[in-house]
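Novice:
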Amino acid sequence: MELQFFGANCIRLSTKKARIVIDDNLGELGLKSITKPDDIVLKTNKRLPSHPSRFDADMPGEYEIAGAIIKGVGARAHMDGEKETTSVIYTVAADDIKVAIVGHIYPELTEEQLEQIGLVDVAIVPVGGNGYTLDAVGALKIIKQIEPKIIIPTHYADKEVNYQVPQQELSEALKILGMEPAETVAKYKPNPGALTDATHLVVLERQ
Numbered sequence: 007m008e009l010q011f012f013g014a015n016c017i018r019l020s021t022k023k024a025r026i027v028i029d030d031n032l033g034e035l036g037l038k039s040i041t042k043p044d045d046i047v048l049k050t051n052k053r054l055p056s057h058p059s060r061f062d063a064d065m066p067g068e069y070e071i072a073g074a075i076i077k078g079v080g081a082r083a084h085m086d087g088e089k090e091t092t093s094v095i096y097t098v099a100a101d102d103i104k105v106a107i108v109g110h111i112y113p114e115l116t117e118e119q120l121e122q123i124g125l126v127d128v129a130i131v132p133v134g135g136n137g138y139t140l141d142a143v144g145a146l147k148i149i150k151q152i153e154p155k156i157i158i159p160t161h162y163a164d165k166e167v168n169y170q171v172p173q174q175e176l177s178e179a180l181k182i183l184g185m186e187p188a189e190t191v192a193k194y195k196p197n198p199g200a201l202t203d204a205t206h207l208v209v210l211e212r213q
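Numbering (this note's numbering), first residue to last: 7 to 213.
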């Protein structure tokens, strides 16, 4: 599996059999959409735009496609009311790696949600805050609940991304998280045999 970051909360997971694109609203943010017609598309919120694709998911459920096992878990979005669940947390298991895509959720998960998410190797977590998504404090709460081996931060300030709500700088978020990047790379290829119980943070350069 290979992970690439394209800005905001947009990540592409490339497995041996498929490309999975998460939260491609790049066209709304002054960037170019990356979704291709043969891609699998996952949206953590129904309000995100649709693109021509081989498969499109925006709600809870379980799917098996192109060798990947995908699970969507309903969650309270950061701007939802107390009993609303308009956001979706996804887990993607492929190539002996399991990735969780958190999305813009309220920073508290129930035991039932944690059970559905299960053990995770890599967690993709927004950190930009400012009322729109998780800030570093909320991200840390989610990280402690999920206990991933690798954390990849997303949705932080970037002069090339035209956010509707200003986002916190990554450097400031990392101070609050109390973590230094183990590596900063253009592409991250998690090695199942090399992952340890210790949690590490990997920064992906925007492509």
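Note that CB positions come from ideal geometry on N, CA and C, so glycine has one too.
What are the boundary residues of the alpha helix (DSSP H) that A24 is part of?
Specialist: Here A24 belongs to no alpha helix (DSSP H), and DSSP marks it neither H nor E.
Novice: DSSP on L9, reduced to helix/strand/coil?
Specialist: Of the three classes helix, strand and coil, the one that applies to L9 here is strand, per DSSP.
Novice: Which of helix, strand or coil does DSSP assign to E117?
Specialist: Helix, per DSSP.
Novice: How many angstroms separate the CA atom of T41 from the CA atom of L32?
Specialist: Distance between the alpha carbons of T41 and L32: 10 Å.
Novice: Helix or strand or just coil, what does DSSP make of S177?
Specialist: Three-state DSSP puts S177 in a helix.
Novice: For V143, count neighbouring C-beta atoms within 10 Å of its own C-beta (all shown protein chains included) and say buried if the count is 16 or more, exposed if not.
Specialist: Per the 10 Å Cβ criterion, exposed.
Novice: Leaving aside the five residues before and after R122 along the sequence, list all residues of the same chain whose C-beta is less than 6 Å from its C-beta, in chain order.
Specialist: First, the amino acid is wrong: residue 122 is Gln here, not Arg. These residues qualify, in order along the chain: V79.
Novice: Three-state secondary structure (DSSP) at I152?
Specialist: Reduced to three states, the DSSP call for I152 is helix.
Novice: If we call anything under 9 Å between Cβ atoms a contact, is L140 one with L183?
Specialist: In this structure, L183 does not lie closer than 9 Å to L140 by Cβ.
Novice: Give the DSSP-derived three-state secondary structure of I182 in the structure shown.
Specialist: DSSP places I182 in helix when its eight states are reduced to three.
Novice: P154 and A179: beta carbons closer than 9 Å?
Specialist: Going by C-beta atoms, P154 is not nearer than 9 Å to A179.
Novice: Does the count of Cβ pairs from the segment 167 to 176 and the segment 188 to 200 closer than 8 Å reach three?
Specialist: Contact between the segment 167 to 176 and the segment 188 to 200 is absent, because fewer than three Cβ pairs lie under 8 Å.
Novice: Sort out for me which residues DSSP pairs S93 with in a bridge.
Specialist: The partner list for S93 (beta bridge, DSSP) reads N51 and A81.
Novice: In three-state DSSP terms, what is A145?
Specialist: Looking at A145 - three-state DSSP - the assignment turns out to be helix.
Novice: Alpha carbon to alpha carbon, how far is G214 from F61?
Specialist: It is not possible to answer for residue 214, since the shown part of the chain is limited to 7 through 213.
Novice: Count the C-beta pairs between the segment 21 to 38 and the segment 111 to 122 that are closer than 8 Å, then say yes if the count reaches three, no if not.
Specialist: Taking 8 Å as the limit for Cβ pairs, the verdict is that the segment 111 to 122 does not touch the segment 21 to 38.
Novice: How is the beta strand (DSSP E) around P187 delimited, first residue to last?
Specialist: Taken as a continuous stretch (DSSP letters only), the beta strand (DSSP E) holding P187 covers P187 to V191.
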